[in-house]
Amino acid sequence: MQFIIDGPDIPDTLLQAHEEGRVVFFCGAGISYPAKLPGFQDLVDGIYERLSTTRERDGEKSSYKNKQFDTTLHLLERRYPGGRTAVRKVVPEILLPSTYPKGSSDTHATLLQLSRCRKDNSYRLVTTNYDHLFREAVENNNWDIPSYAAPALPVLKKSRWNGIVYLHGLLPDAADENALNNLILTSGDFGLAYLIERWAARFVSELFRNYVVCFVGYTIGDTVVRYMMDALAADQAMGENSIQHYALAPYPPGEDKWEDKGVVPIFYNLPSIEDKEHKSLHKTLQKWAATYRDGTSGKEFIVLQHASNPPTDSAITGQMLWALSDPSGLPAKCFAEVNPAPPLKWLDVFSQPRSGHSNLNHFGVPPHDKPDDNKFCFIRRPGPYRLAQPMSLLLWTNDYTRFDAVMEQIARWLTRHLNDPELLLWITRGESRLHPRWAQLIEEKLGEIANPQMRTLWRLLLAGRVKGMRGSSMYGWKPALAADGSLTTASRLRLRELLAPKVRFEKALNLDIFYQDQQPSNSESSNLRKVLSWEVVLSGDGIHPYFRDHLKDKTRWFATLPHLVDDFQQLLLDALDLLRELGDANEQMDPSFMRLPSISPSTQNMDSRDSLVFFIELLRDAWLEMKKSNPNQARRIAAGWFDRPYPTFKRLALFAAAQDDCIEPRQWIEWLLADEARWLWSWHTRREVCRLFVAQGKKCEGPEAVGKCPEASGKCPETIGERPEADSSSAEQARLEAAILADPPVSIVCGDADLGKVPLDTQQAMVDRAVQLRLSRLRESGLALGAAARERLAALEAKRGRLADDESDEFLMWHSGITSETFGQPSEERRRRANLPPPEREKLLPWLREV
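The end of the sequence shown is residue 943 by our numbering, with every number in the run present.
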């Protein structure tokens with residue numbers, strides 16, 4: 093996590109260890125640069141200058157050149173008059189100025205704040221500096237913090253260690269030869285402390301074994317670090333130290349090889365090698381300390397500062413994730429309740445797999461000793477023991493990991509975005525289902541959703557009627573047959589589960605460019621469809637290829653179809669009910685006539701994977717098989733279809749009526765004349781009405797007229813329209829012709845068109861076309877039309893010409909080769925440009941010769 097822009101990225105593992113009070117900051121000379129105090133090299137230079145001597149011997153020159161400054165001072169003490177005492181007397185003059193620049197001890201105060209353990213309010217910090225800046229920071233803030241100066245070091249037990257450890261000694265306030273003699277300054281001192289007496293080595297080893305050490309103010313080449321890193325590497329080689337340690341180090345690192353010493357470097361930018369201000373380091377420590385000092389309130393402040401803005405910067409993103417993951421759940425609660433609600437873009441951040449083995453402790457999960465490469469995200473992560481469910485051969489209804497305090501608040505935040513379709517899309521991109529607790533929270537908030545259609549979509553999701561990216565494979569289902577040839581109950585129910593209709597959401601395409609000339613709609617439904625599209629699909633995957641490859645032409649499958657009519661009928665009804673919930677179907681409208689233009693097989697039925705088409709064809713085929721084996725039951729089922737509330741079932745009923753020996757003319761004429769003859773004229777049923785007229789129209793006339801139709805008896809076209817003088821039409825024929833001659837309501841014939849924008853002559857043309865089509869199909873059946881019907885049809889044909897021979901007038905869209913036309917067959921001009929075959933037989937041979 094970065095506490096400042098372009099600052100060092102503090103690892104989550106270090107942050108978590110620090111929260112738990114397991115981190116000890118090990119501070120070097122670099123933290124004292126703001127006080128203009130020298131580093132070790134500058135200290136050596138200052139000692140030589142104040143002693144008015146130079147590095148006159150080869151040993152001093154060589155060690156200084158190799159940056160072995162402790163050896164340089166050791167050699168100086170051995171040859172300088174007054175020896176050790178004289179050399180050390182000048183050290184306070186260099187490191188203890190009369191006054192420090194303003195703010196010199198700010199970073200020291202910051203490190204002391206970071207070193208305080210919340211659990212017992214104790215301070216644990218180690219420094220190899222000799223100066224009094226930590227003491228000044230304590231005095232400036234009126235803190236009561238003990239200190240320990242080498243060689244009198246504390247016992248490294250959490251219950252007994254409270255204070256600042258000056259590992260290499262502390263400069264005395266006044267000239268004190270014994271205190272100066274205790275400073276670990278030369279190579280001899282280091283050898284005594286780390287190699288001979290080993291009191292410093294034992295302290296450092298215990299420190300590394302029991303705490304996470306974070307080095308601040310060092311480079312890997314420092315003398316101090318060299319001694320300690322060698323000890324650490326030795327411990328790790330012996331397998332005695334498995335704790336990870338860290339070092340805040342400037343970047344570019346140059347020759348710094350922290351990793352080789354078993355320490356994780358945390359680099360921060362440094363404008364140049366000569367730059368000793370290290371502002372990025374100091375600002376990071378200050379921000380870290382301020383956040384840590386304020387505890388949960390500090391994390392809540394981070395949330396309040398950034399939550400309302402979309403995530404754009406990696407530093408801010410890291411801060412937010414760190415703050416929100418506080419186990420108390422209070423920062424997350426602040427996030428869930430802040431106004432305005434944090435944007436949904438944060439969900440993308442929370443979904444990214446950023447965490448791994450090293451982050452498990454942060455979420456209350458003890459990690460395995462051997463790290464792995466598994467990744468998890470903020471909102472899908474391992475649960476702690478107290479919330480996780482047991483492993484079991486049997487699954488119970490509540491076998492799910494319960495929410496912790498953080499996840500509960502994230503779920504609450506998301507309920508504030510229930511009116512945003514992007515949340516629905518995010519949920520359905522995966523293969524999972526809602527956590528029961530989140531589902532409960534959503535259900536409690538349904539009444540607050542502004543858009544009624546969004547409420548419907550959420551209800552469908554909560555009811556399990558929304559499909560994710562994948563479903564169960566159809567290829568896992570095998571048809572098991574019972575003794576009577578039907579599917580076994582288990583096999584049938586499993587098939588219904590696989591075929592059950594569900595809704596699938598997708599991001600809508602932006603089609604505004606195609607409708608720039610239209611008045612924009614401000615309706616909630618229209619605006620929602622600009623963002624979200626939906627379709628009704630099958631629950632299972634691979635359904636269509638499975639049926640095509642394994643069932644479509646199988647004799648045993650066809651034998652089972654009559655037993656599945658009720659199941660397929662219910663599946664179709666469920667699909668239409670879903671469309672109705674989505675606003676795409678009602679008692680007078682559904683999309684079946686566009687997706688499947690003809691219930692009977694036709695070249696106009698495109699090869700479609702549409703679920704509605706699939707259900708219609710399944711039910712049609714199953715009913716046809718039932719009609720062969722049990723015509724009475726098939727008749728009863730078909731008679732019931734017309735009473736169902738959707739045009740699709742009206743079409744199926746009319747299709748059934750077109751079959752021989754199924755529905756009496758009186759019955760289907762009653763259907764067509766019901767509801768002000770809506771289904772006689774509706775676009776939805778036009779194809780099925782025409783096929784019904786052709787197949788069964790002749791049965792409408794009286795028995796004495798059968799066989800007397802000129803067209804049916806093969807007379808020449810010039811005699812069409814003539815009939816015997818005695819009009820022998822039945823009452824059903826008279827009712828049907830009267831309804832047709834009464835002309836259809838313009839509102840039905842014109843469909844969804846705005847009548848105010850349709851010219852009157854166009855409206856009349858559509859009415860005439862509808863009347864002509866129906867009378868022509870009745871005549872085509874061999875029915876002898878009544879006088880009024882004959883005259884009207886003759887007048888319409890004289891005015892508009894005869895209909896096409898290819899049934900194209902029965903379809904709203906006619907597909908011919910690569911073209912399609914609305915309201916009938918392609919025009920001659922389009923036919924010529926597309927070079928399509930002409931419908932007239934006499935013109936076909938010349939066309940073939942040209943091709």
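The beta carbon of each residue, even a glycine, is placed where N, CA and C say it ideally should be.
Assigned exposure category for residue i - 16 Cβ within 10 Å defines buried
i      : result
Glu768 : exposed
Trp626 : buried
Pro836 : buried
Tyr319 : buried
Pro234 : The sequence shown places Asn at residue 234, rather than the Pro named in the question. Its Cβ having fewer than 16 others within 10 Å, Asn234 is exposed.
Ser297 : buried
Ser334 : exposed
Lys391 : buried
Tyr477 : exposed
Asp162 : buried
Asp104 : buried
Arg208 : buried
Lys935 : exposed
Val441 : buried
Pro403 : buried
Cβ distance (whole Å) where residue i is taken to contact residue j below 8 Å
i      : j      : result
Tyr172 : Val183 : The Cβ separation is near 13 Å, so there is no contact.
His166 : Gly280 : 5 Å
Leu272 : Lys353 : Actually they do not touch by this definition, with Cβ atoms about 31 Å apart.
Leu126 : Gly195 : The residue asked about is misnamed: residue 126 is Pro in this sequence, not Leu. Right, their Cβ atoms sit about 6 Å apart.
Length of the line joining the Cα atoms of residue i and residue j
i      : j      : result
Asp461 : Pro482 : 22 Å
Ser564 : Ala381 : 52 Å
Ala433 : Tyr338 : 38 Å
Arg977 : Leu515 : Shown here, the chain extends from 93 to 943; a query on residue 977 therefore has no answer.
Gly131 : Gly309 : 10 Å
Gln336 : Thr219 : 19 Å
Leu340 : Val355 : 10 Å
Asp752 : Pro723 : 11 Å
Ile96  : Ala399 : 16 Å
Trp518 : Thr580 : 39 Å
Phe359 : Asp101 : 8 Å
Phe650 : Leu573 : 12 Å
Lys622 : Leu601 : 7 Å
Ser197 : Lys128 : 11 Å
Leu422 : Val498 : 8 Å
Leu396 : Tyr384 : 16 Å
Arg294 : Phe300 : 10 Å
Ser124 : Glu185 : 16 Å
Lys791 : Arg783 : 14 Å
Arg866 : Ile755 : 19 Å
Ser406 : Ser703 : 44 Å
Trp416 : Arg494 : Here residue 416 turns out to be Leu, not Trp, going by the sequence shown. Going by the C-alpha atoms only, they are around 18 Å apart.
As assigned by DSSP and simplified to three states, the class of residue i
i      : result
Asp281 : helix
Ala677 : coil
Ile832 : helix
Asn158 : coil
Lys353 : helix
Asn221 : coil
Lys594 : strand
Phe470 : coil
Tyr738 : coil
Lys800 : Only weak support is given to the placement of Lys800: the predicted model assigns it a pLDDT of 44, under 50, and the value that follows is read from those uncertain coordinates. It is coil, neither helix nor strand.
Leu129 : coil
Lys599 : strand
Met566 : helix
Glu141 : helix
Val136 : helix
Met984 : Since the displayed the chain opens at 93 and closes at 943, residue 984 lies outside it and no answer follows.
Asp576 : coil
beta-carbon residue i near the ligand SAM non-hydrogen atom, thresh 7 Å
i      : result
Arg892 : For the structure depicted, the ligand SAM is absent and the ligand set is empty, with no information on it obtainable.
Q. Is the number of C-beta pairs between the region 522 to 542 and the region 490 to 510 that are closer than 8 Å three or more?
A. They touch, by the three-pair rule.
(message) For the region 680 to 692 against the region 734 to 748, do three or more pairs of beta-carbon atoms, one drawn from each stretch, fall closer than 8 Å, so that the two count as touching?
(response) Contact between the region 680 to 692 and the region 734 to 748 is present, because at least three Cβ pairs lie under 8 Å.
Take every Cβ of the region 240 to 256, pair it with every Cβ of the region 138 to 148, and state whether three or more of those distances are shorter than 8 Å. Cβ pair count under 8 Å is below three, so no.
- Evaluate the contact criterion for the region 887 to 904 versus the region 849 to 869: three or more CB pairs, one atom per stretch, below 8 Å. A contact exists between the region 887 to 904 and the region 849 to 869.
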